[in-house]
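Working notes, structure below.
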Amino acid sequence: MSGTRLGFTVGPLTCRVVADGVASYETQDLYSSVPAEETGPPLRPLLNDEGMLPVPYHPLLVETPDGPALIDTGAGAVLAQEWGEPVGQLRDALVVAGVAPEDIRLVLISHAHPDHVGGLTVEDGPGRRLVFPNARHIISRTEFEFWTADPPPPDWADMAELARLHLVPVERGGMLELVDGEQEVAPGIAVIPAPGHTPGHVAFSLSASSQAAVFVADAVLGELNFTFPDWTSHLDVDQAEAARSRRRLLDEAARAQSTVVGYHLWEPGTVERHNGAYHWHPGG
Numbered sequence: 002m003s004g005t006r007l008g009f010t011v012g013p014l015t016c017r018v019v020a021d022g023v024a025s026y027e028t029q030d031l032y033s034s035v036p037a038e039e040t041g042p043p044l045r046p047l048l049n050d051e052g053m054l055p056v057p058y059h060p061l062l063v064e065t066p067d068g069p070a071l072i073d074t075g076a077g078a079v080l081a082q083e084w085g086e087p088v089g090q091l092r093d094a095l096v097v098a099g100v101a102p103e104d105i106r107l108v109l110i111s112h113a114h115p116d117h118v119g120g121l122t123v124e125d126g127p128g129r130r131l132v133f134p135n136a137r138h139i140i141s142r143t144e145f146e147f148w149t150a151d152p153p154p155p156d157w158a159d160m161a162e163l164a165r166l167h168l169v170p171v172e173r174g175g176m177l178e179l180v181d182g183e184q185e186v187a188p189g190i191a192v193i194p195a196p197g198h199t200p201g202h203v204a205f206s207l208s209a210s211s212q213a214a215v216f217v218a219d220a221v222l223g224e225l226n227f228t229f230p231d232w233t234s235h236l237d238v239d240q241a242e243a244a245r246s247r248r249r250l251l252d253e254a255a256r257a258q259s260t261v262v263g264y265h266l267w268e269p270g271t272v273e274r275h276n277g278a279y280h281w282h283p284g285g
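Take 2 as the starting number for the sequence shown in our numbering and just add one per residue.
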């Protein structure tokens, strides 16, 4: 990895983590597949004074020869206000990075959970306005169809409502492209199916010559998932599949010595296989 703590390059692609903010989670929200007495000791040093787990929201800005691309869009201001959490700050982070929303030419959506798609649209009178009006928007067809099904998927109706709130205006505006399987969507940028967290959850690979990086999105929910790759969350639609996708992505990243970036990781880094799990090297 070549770059700074929150930035790196992959050939002609200049990548920069742009912070949407930090939310506080109950530990069992993210690591609910094993008993609390087992998760407690490794989690305890990570908790804040209120006993909550701080979780970063980290979209990735990729400067390409064809213009800026953005992977995931943050929670959005309305959702941040509803949650009372200091998130929804992506627009300000882009300004600091010298990029206006109108400059973005490609928006890549890993999945349609509200903290990833909340920044796609804003209220505009009786309707919604696209935040990135000049961008192609790409999402897995499986993901789009899951969240926009009528009736909504059982047990996920509230999330489906929020997903439709932001995805449908993009689709109606003719700006949404649905993709199937693994494929290149821009030079050096490819969609990698990684189901489990949601049915159409995807990662994104960045490659150029011998350099490679992977944005694992929510296939990794935090740094503890390197040491405990089989810990899963009740937020995973299919917990067993989520763990399989995590191991597949990390095995490939370790083999290729790829830079690993995650929406809920504090910074990019690299991984190596270690005793049936993974050793995380933040910052490379």
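We treat Cβ as the ideally placed atom computed from N, Cα and C, and that holds for glycine. None of these values were measured; they are calculated from a predicted model.
Item: Beta-carbon contacts of A164 that lie in its chain and below 8 angstroms, excluding the five residues immediately before and after; Value: A113, H114, P115, V118, W148, T149
Item: Reduced DSSP secondary structure (H/G/I, E/B, other) of V238; Value: coil
Item: Stretch pair the stretch 198–206 + the stretch 233–243: three plus CB contacts closer than 8 angstroms; Value: yes
Item: Residue interval of the alpha helix (DSSP H) (run including T28); Value: 28–31
Item: Given 8 angstroms, three or more beta-carbon pairs between the stretch 29–49 and the stretch 73–89; Value: no
Item: Extent of the continuous beta strand (DSSP E) to which E185 belongs; Value: 184–187
Item: Which listed residue (L71, A76, R256) has its alpha carbon closest to that of A101; Value: L71
Item: Straight-line gap, G120 to Q90 (C-alpha atoms, nearest Å); Value: 9 angstroms
Item: Minimum C-alpha distance to S234 - residue among F227, L222, V192; Value: L222
Item: Close beta carbons around W267, own chain, < 6 angstroms, minus the five adjacent residues each side; Value: P57
Item: Under the three-state DSSP convention, the category G4 falls into; Value: The predicted model places G4 with a pLDDT of 42, which falls under 50 and marks its position as unreliable, so this point remains unresolved.
Item: Which of helix, strand or coil DSSP assigns to E38; Value: helix
Item: Counted within 10 angstroms of its Cβ, other Cβ atoms place H59 as buried (16 or more) or exposed; Value: buried
Item: Reduced DSSP secondary structure (H/G/I, E/B, other) of P127; Value: coil
Item: Rounded straight-line distance, which links the Cα of P269 to that of S259; Value: 10 angstroms
Item: L168 and L177 closer than 8 angstroms at C-beta; Value: yes
Item: Residues that R17 bridges to, as DSSP identifies them; Value: G8, L62
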